[in-house]
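Structure first, then comments.
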Amino acid sequence: MFTVASLVLLAAVALAQQPHPCESPRQFEGRFSIYDEDRQFRAFGRFAYDDTNRRFREIEEMEIGRDREYYDRLYLHNLNLEYRLNLRTRNCTVTTLTRPWIPFAVPKDARFRGEGVIGASGIPDEHVTIANFDGTLDGNPYFIIATVEDCVPVTGGFYSNSTGGVLRQFYDITLSTDAKAFTPPAECHPNVTV
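Numbering-wise, our numbering comes out as the position in the sequence shown, counting from 1, plus 18.
In C-alpha cells form, the structure reads like this:
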C-alpha cells in the first residue's frame, strides 16, 4: 500500500512540475521582421498588437524578390475588415479579412517544448531565458518562443495552406499600445462599403 501511495505522490509531483504555457501580455507594440523563403518575401517594420480586441497594425517595408513596397495595414478582426494603404501611392483598399486571427501570444493549450538562453549565459544583463511552445490553431501548426520572465514573444511561426510558412521575429517591445494605432488611415475613409 505504501508503495502505491508513494508512486501516486511521485506522479503528482512530476505533473505539477510540467511547465504550463505562460500568459503573454494582451497588448504590446514594437518592431518585427518576417521571412518567407518559399515566396522570397521579407518585411521589416513596426506593429501594434491588441489581443483583447483582436486588432493588429503593421507599417512595413516589404521585399518580394527584387521589388520593394511600403504598406500600412490595419487588421480589425472583430469587424472582419482589413485596411491596406500603399504608402508610396497613398492608395487605400478596404477588404473583408481573408486571414485568420493569429495571436502573437502563447495559447493556453500550447505544448511546452523546452527552455534555453539567448545571449551570453552567465553574464549579467547579457542574456534572456526563453521557452519554446508549439501546437495547432484552426488546424494549422505553429510555434512560439517567449521570454520566461514576462512571456513576451520573441519569435513565432505558423503554416497554413493559404499563406504557406511564415516566420516572424519581435524586438524592441513595449508593453502597451496607443489606441490611435488602431484608427484607419485618413485615406481609407472607414465608411466605404466593402
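For glycine and all other residues, C-beta sits at the position ideal for the given N, C-alpha and C.
Check your understanding: Over what stretch of residues does the beta strand (DSSP E) that includes P159 continue unbroken?
Key -> N158 to T165
Review point. Excluding five sequence neighbours on each side, which residues of the same chain lie with their C-beta closer than 8 Å to the C-beta of D152?
Key: A128, R129, R131, P159, Y160, F161 and I162
Practice item. From the DSSP output, in three-state form, read off C110 for me. Key: strand
Check your understanding: What does I120 pair with, by DSSP beta-bridge criteria?
Key -> DSSP, once it has assigned bridges, lists no residue as partnering I120.
Point to revise | Segment limits, beta strand (DSSP E) that includes P171 | key: P171 to S178
Practice item. Express the C-alpha separation of H145 and P80 in angstroms, rounding to a whole number. Key: Sequence check: residue 80 is Met here, not Pro. Taking the straight line joining both Cα atoms gives about 30 Å.
Check your understanding: What do you reckon, are the CB atoms on R64 and H95 nearer than 8 Å?
Key -> no
Check your understanding: Under a CB-based cut-off of 8 Å, is C206 close to chain B?
Key -> No chain B appears in this structure, which consists of one protein chain only.
**Study point:** Neighbour-count burial assignment, P142, 16 or more Cβ in a 10 Å radius
**Key:** exposed
Exercise for review: Check whether the Cβ atoms of F50 and F200 lie closer than 8 Å to each other.
Suggested key: no
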